[in-house]
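Okay, so here's the structure we're looking at.
Protein chains: 2
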Amino acid sequence: MADRQALILEAAVRVIARRGVRGLRVEDLAAEAGVSTALIYYHFKDRAGLVQRTLAFVNDRAVGYTEEALEGAEDARDALLRLLLSELQDTDLVRENSIAWGELRASAVFDDGLRANLVESTRDWVRDAAELVAASRAAGLAASRVDPLDAAERLTALVEGLSERWLSGGLTVDRARELLAGAVDAELGPRP
Amino acid sequence: MADRQALILEAAVRVIARRGVRGLRVEDLAAEAGVSTALIYYHFKDRAGLVQRTLAFVNDRAVGYTEEALEGAEDARDALLRLLLSELQDTDLVRENSIAWGELRASAVFDDGLRANLVESTRDWVRDAAELVAASRAAGLAASRVDPLDAAERLTALVEGLSERWLSGGLTVDRARELLAGAVDAELGPRP
């Protein structure tokens, strides 16, 4: 991606994390990114194009820190836990990215264009988690009764629910992580 | 509650479910409710007061259909499942209420006033669920290892995650309900 585009998208995430999707005005974004509004329209066509590309950018960043978290995983079950916990980290990057993701997801209820991209990103994430559940089962690290897709769909939806409670002040990040680790044990059965 | 206030709050939920919290303008709400903007300011003081009272109203309505769902429950575990499933019903009322709840929850990230009320409503809901988990355990309908508060916190957060996927088109309501029933089995252990 051209540097200029990345710069604009980084600024868009900051603005969304601060004021919400509906608080994202192209004029304010131009000021935040230090570029002209014309350049934004040149790269992203219109506000809808900008919002869709920002969703893809937020998703790519999440994939980035997820992959980082997987490094050094001891086995498939540990990798699954790391994959899920990587969304609940009290760093500026994860907090900002998660607030923006929550906002874009809530907006998708009202925005057909966003919805298709959101469904696709979520499906990729669920599929990655399901592969790790299946690998855990194959390695004897999960009960044989476990359905990988069901467990993955629930665990990722739980991450979103816990993340929103954390970001809106209902849970500490440590409590959210503890609950999530407990969910993996409930879904997969105790570690043998 | 005075009829006029209820009328305004019902209209506020409709507007939020259609255009989001940031799409709620007092002028539009007045038109939707068929009242003057002055009457809205008289009853709710300002826009912030209106949004907070709308959150309480949405919560009261959810408590209403939850209590309805509990009627005829066979035992504590069945009551728990009904309590949770009542948030995933494809009726106009539940859909509208859930979209508004998701919107208000996402807005609470940016709004300190909303946040305190949201945390309190969520705590009441988690406590009700925890009591039913504890009663299930006492009746031998849940494994003795189950921690009622942890299980309740996870199951309610999962309802929110599944609800948002349903409302943004990622899951059918039937699939969301099936996943939720599976989560109760994973958390409490198989029904004896």
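These protein sequence lines are chains A and B, in that order. Taking this note's numbering, I'd label the letters of the first sequence as residues 866 to 1057. Taking this note's numbering, I'd label the letters of the second sequence as residues 866 to 1057. Glycine included, every Cβ here is placed at the ideal spot set by N, Cα and C.
| chain B contacts from the region 867-894 of chain A (Cβ-Cβ distance under 9 angstroms) | From the region 867-894 of chain A, only 882, 883, 884, 885, 886, 887, 888 have a Cβ closer than 9 angstroms to chain B.
| task | Determine, using beta carbons only, whether residue 1026 of chain A comes closer than 8 angstroms to chain B. | result | True, the Cβ-Cβ gap to chain B drops below 8 angstroms.
| Which residues, in order along the region 961-975 of chain B, keep a beta-carbon less than 9 angstroms from a beta-carbon of chain A? | Under the 9 angstroms Cβ criterion, the region 961-975 of chain B contributes 964, 967, 968, 970, 971, 972, 973, 974, 975.
| In or out: residue 987 of chain A buried (at least 16 other Cβ within 10 Å) or exposed? | Residue 987 of chain A comes out buried.
| request: Spell out a yes or no on whether the region 967-974 of chain B and the region 892-911 of chain B are touching, meaning 3 or more CB-CB pairs, one atom from each, closer than 8 angstroms. | output: The region 967-974 of chain B makes no contact with the region 892-911 of chain B; the number of CB pairs closer than 8 angstroms stays below 3.
| message | At a CB distance below 7 angstroms, what residues from the region 975-1009 of chain A approach chain B? Give them in sequence order. | response | Along the region 975-1009 of chain A, the positions whose C-beta sits under 7 angstroms from a C-beta of chain B are 975, 980, 983, 984, 987, read in chain order.
| message | Distance cutoff 8 angstroms, beta carbons only. Does residue 897 of chain A sit that close to anything in chain B? | response | For residue 897 of chain A, the answer is no, since every Cβ of chain B falls outside 8 angstroms of its Cβ.
| So, is residue 899 of chain A buried or exposed, given that buried needs 16 or more other C-beta atoms within 10 angstroms? | Classification for residue 899 of chain A: exposed.
| task | Report the option in B:951, B:993, B:1034 whose CA atom is closest to the CA atom of residue 1014 of chain B. | result | The shortest Cα separation from residue 1014 of chain B among B:951, B:993, B:1034 belongs to B:993.
| residue 1034 of chain B beta carbon less than 8 angstroms from that of residue 887 of chain A | In this structure, residue 1034 of chain B does not lie closer than 8 angstroms to residue 887 of chain A by Cβ.
| request: Classify residue 968 of chain A as buried or exposed, calling it buried when 16 or more other Cβ atoms lie within 10 Å of its own Cβ. | output: Classification of residue 968 of chain A: buried, given that the 10 Å Cβ count is 16 or more.
| message | Excluding the 5 residues flanking residue 962 of chain B on each side, which residues of the same chain have their C-beta closer than 7 angstroms to its C-beta? | response | Cβ within range, chain order: 878, 923, 926, 927.
| request: Could you tell me which chain A residues have their CB closer than 7 angstroms to the CB of residue 1015 of chain B, listed as they occur along the chain? | output: The contacting residues are 1044, 1047.
| query | Can you list the beta strand (DSSP E) stretches of 3 or more residues lying completely in the region 930-977 of chain B, in chain order? | reply | Runs of the beta strand (DSSP E) lying entirely within the region 930-977 of chain B, each at least 3 residues long, are absent.
| query | Between residue 1035 of chain B and chain A, is there a C-beta pair that is closer than 8 angstroms? | reply | Flagged as an interface residue toward chain A: residue 1035 of chain B, by a C-beta distance shorter than 8 angstroms.
| Taking residue 895 of chain A as the reference, which of A:872, A:917, A:883 has the closest Cα? | Out of A:872, A:917, A:883, the CA that lies nearest to the CA of residue 895 of chain A is found in A:872.
| field | Residue of B:1002, B:1008, B:1031 minimising C-alpha distance to residue 952 of chain B | value | The residue among B:1002, B:1008, B:1031 with its C-alpha nearest the C-alpha of residue 952 of chain B is B:1031.
| task | Express the C-alpha separation of residue 960 of chain B and residue 876 of chain A in angstroms, rounding to a whole number. | result | Put simply, the backbone Cα of residue 876 of chain A is about 34 angstroms away from that of residue 960 of chain B.
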